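Working notes, structure below.
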Amino acid sequence: MSAGGGKKAIIAALSANAGIAAAKFVGAAITGSGSMLAEAVHSVADTGNQGLLLLGQQRAAKEADELHPFGYARNRYFYSFIVALVLFTLGSGYAVYEGIHKIQHPEELSSPIVAVVILVLAIALESYSFTTAVRESAPLKGNASWWRFIRNSRSPELPVVLLEDTGALIGLVFAFAGVGLTMLTDDPVWDGIGTLAIGSLLGVIAVVLIVEMQSLLIGEGATPEENRRIRTSLVDETRIDRVIHLKTQYLGPDELLVAAKIGVVPGLDLAAIADAIDDAESRVRAAVPAARVIYLEPDLYRTELAKG
0 MSAGGGKKAI
10 IAALSANAGI
20 AAAKFVGAAI
30 TGSGSMLAEA
40 VHSVADTGNQ
50 GLLLLGQQRA
60 AKEADELHPF
70 GYARNRYFYS
80 FIVALVLFTL
90 GSGYAVYEGI
100 HKIQHPEELS
110 SPIVAVVILV
120 LAIALESYSF
130 TTAVRESAPL
140 KGNASWWRFI
150 RNSRSPELPV
160 VLLEDTGALI
170 GLVFAFAGVG
180 LTMLTDDPVW
190 DGIGTLAIGS
200 LLGVIAVVLI
210 VEMQSLLIGE
220 GATPEENRRI
230 RTSLVDETRI
240 DRVIHLKTQY
250 LGPDELLVAA
260 KIGVVPGLDL
270 AAIADAIDDA
280 ESRVRAAVPA
290 ARVIYLEPDL
300 YRTELAKG
């Protein structure tokens, strides 16, 4: 994904969530629905989160300097991690609190049909945001499952938007069920149960995001497929005959650090070794475009040391 990758999905989500939040707050004020209010707070959190993702992309574009010689690309991981924390504290925490309060102190809903209309509108807007994120993610996902894409992606924004939109759509169903059951049974406790379900759902999604973003922030290596391509590209059989060891780490979503000790054929002079290294770097970059920073150390493969 390019530095601006996923921006269309982020902007679509931001626009949808801002409109949805306003509508939900109006609906919550009219009806007194706890699940509607929890969903409104959830949408405010999501709107702020999209802004944080855009800010992270902007900060990541800053040029490398003496203090940060590898650049600022990990800002995209940092701000995505903050998004996960906001979703957990503001989205999930508030909804759980409001749900418990509504169950303990149920309140009658006024004009619940207003809540139903707003929820239907919100589902339509969230569906637009979700389909945009799916469309943007599809080329990167390939044949992998969506769960594997979220787990293995080294770019944080699209997995974040996908999970947020999924949670928003399911949360709207919970809110719809809470309001609907309250209307059918005339028991406002169902509204509180729906609110609590929304909070629990957001908590699960937030924990998944926290775990994934923390792993990216610490530093993840190349994917198994990328690792295979790098190893294959380093060896040309004529001057470089093996990879003695290889270490990789993503410095940012679009920048992979590759450090390897390579075994060169005995008898090569210095110029031939230098040419072999240059050619190996070119092959690696062609095979894995994200491999922008490459350090190769030539050595002779010592069989007796390898056995030991």
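Numbering follows numbering that gives the first Met the number 0, with no gaps: position 122 of the sequence shown is 121.
Beta carbons: idealized from backbone N, C-alpha and C, even for Gly.
Keep in mind that this is a model prediction, so the values were computed, not measured.
Distance, residue j Cα to residue i Cα
{"i": "residue 85", "j": "residue 247", "result": "31 Å"}
{"i": "residue 105", "j": "residue 76", "result": "41 Å"}
{"i": "residue 72", "j": "residue 30", "result": "45 Å"}
{"i": "residue 99", "j": "residue 32", "result": "13 Å"}
{"i": "residue 256", "j": "residue 87", "result": "32 Å"}
{"i": "residue 22", "j": "residue 14", "result": "13 Å"}
{"i": "residue 299", "j": "residue 217", "result": "33 Å"}
{"i": "residue 28", "j": "residue 116", "result": "14 Å"}
{"i": "residue 201", "j": "residue 143", "result": "25 Å"}
{"i": "residue 3", "j": "residue 56", "result": "With a pLDDT of 48 at residue 3, under the threshold of 50, the predicted position of this residue should be treated as unreliable, and no value is reported."}
{"i": "residue 147", "j": "residue 268", "result": "46 Å"}
{"i": "residue 114", "j": "residue 183", "result": "14 Å"}
{"i": "residue 173", "j": "residue 227", "result": "44 Å"}
{"i": "residue 5", "j": "residue 82", "result": "15 Å"}
{"i": "residue 291", "j": "residue 159", "result": "25 Å"}
{"i": "residue 241", "j": "residue 296", "result": "12 Å"}
{"i": "residue 310", "j": "residue 284", "result": "Residue 310 cannot be examined here, being either before or after the span of the chain that is shown, 0 to 307."}
{"i": "residue 37", "j": "residue 97", "result": "7 Å"}
{"i": "residue 270", "j": "residue 259", "result": "19 Å"}
{"i": "residue 16", "j": "residue 61", "result": "28 Å"}
{"i": "residue 209", "j": "residue 162", "result": "12 Å"}
{"i": "residue 94", "j": "residue 197", "result": "7 Å"}
{"i": "residue 54", "j": "residue 7", "result": "14 Å"}
Assumed close pair residue i, residue j - CB separation to whole angstroms, cut-off 8 Å
{"i": "residue 12", "j": "residue 235", "result": "In fact, because the Cβ distance is near 46 Å, the residues do not count as touching under 8 Å."}
{"i": "residue 52", "j": "residue 79", "result": "7 Å"}
{"i": "residue 101", "j": "residue 194", "result": "6 Å"}
{"i": "residue 239", "j": "residue 263", "result": "6 Å"}
{"i": "residue 272", "j": "residue 156", "result": "41 Å between Cβ atoms; not a contact."}
{"i": "residue 175", "j": "residue 118", "result": "5 Å"}
{"i": "residue 153", "j": "residue 219", "result": "6 Å"}
Buried or exposed by the 16-neighbour rule on C-beta atoms within 10 Å, applied to residue i
{"i": "residue 129", "result": "buried"}
{"i": "residue 203", "result": "exposed"}
{"i": "residue 252", "result": "buried"}
{"i": "residue 214", "result": "exposed"}
{"i": "residue 131", "result": "buried"}
{"i": "residue 112", "result": "exposed"}
{"i": "residue 293", "result": "buried"}
{"i": "residue 69", "result": "exposed"}
{"i": "residue 266", "result": "exposed"}
{"i": "residue 287", "result": "buried"}
{"i": "residue 225", "result": "buried"}
{"i": "residue 181", "result": "buried"}
{"i": "residue 109", "result": "exposed"}
{"i": "residue 41", "result": "buried"}
{"i": "residue 190", "result": "buried"}
{"i": "residue 45", "result": "buried"}
{"i": "residue 49", "result": "buried"}
{"i": "residue 1", "result": "With a pLDDT of only 43 at residue 1, under the threshold of 50, the placement of this residue in the model should not be trusted; the figure read from the coordinates follows. Exposed."}
Terminal residues of the alpha helix (DSSP H) in which residue i lies
{"i": "residue 125", "result": "111-140"}
{"i": "residue 45", "result": "33-59"}
{"i": "residue 88", "result": "Segment: none, residue 88 is in no alpha helix (DSSP H) and carries neither H nor E."}
{"i": "residue 98", "result": "92-103"}
{"i": "residue 25", "result": "6-30"}
{"i": "residue 277", "result": "269-286"}
{"i": "residue 170", "result": "156-184"}
{"i": "residue 148", "result": "145-151"}
Residue(s) in a DSSP beta bridge with residue i
{"i": "residue 241", "result": "262"}
{"i": "residue 246", "result": "258"}
{"i": "residue 220", "result": "Beta-bridge pairing links residue 220 to no other residue."}
{"i": "residue 251", "result": "254"}
Where the beta strand (DSSP E) through residue i begins and ends
{"i": "residue 296", "result": "292-298"}
Cutoff 8 Å: residue i Cβ touching any chain B Cβ
{"i": "residue 205", "result": "Structure shown: chain B not included; a single protein chain is present."}
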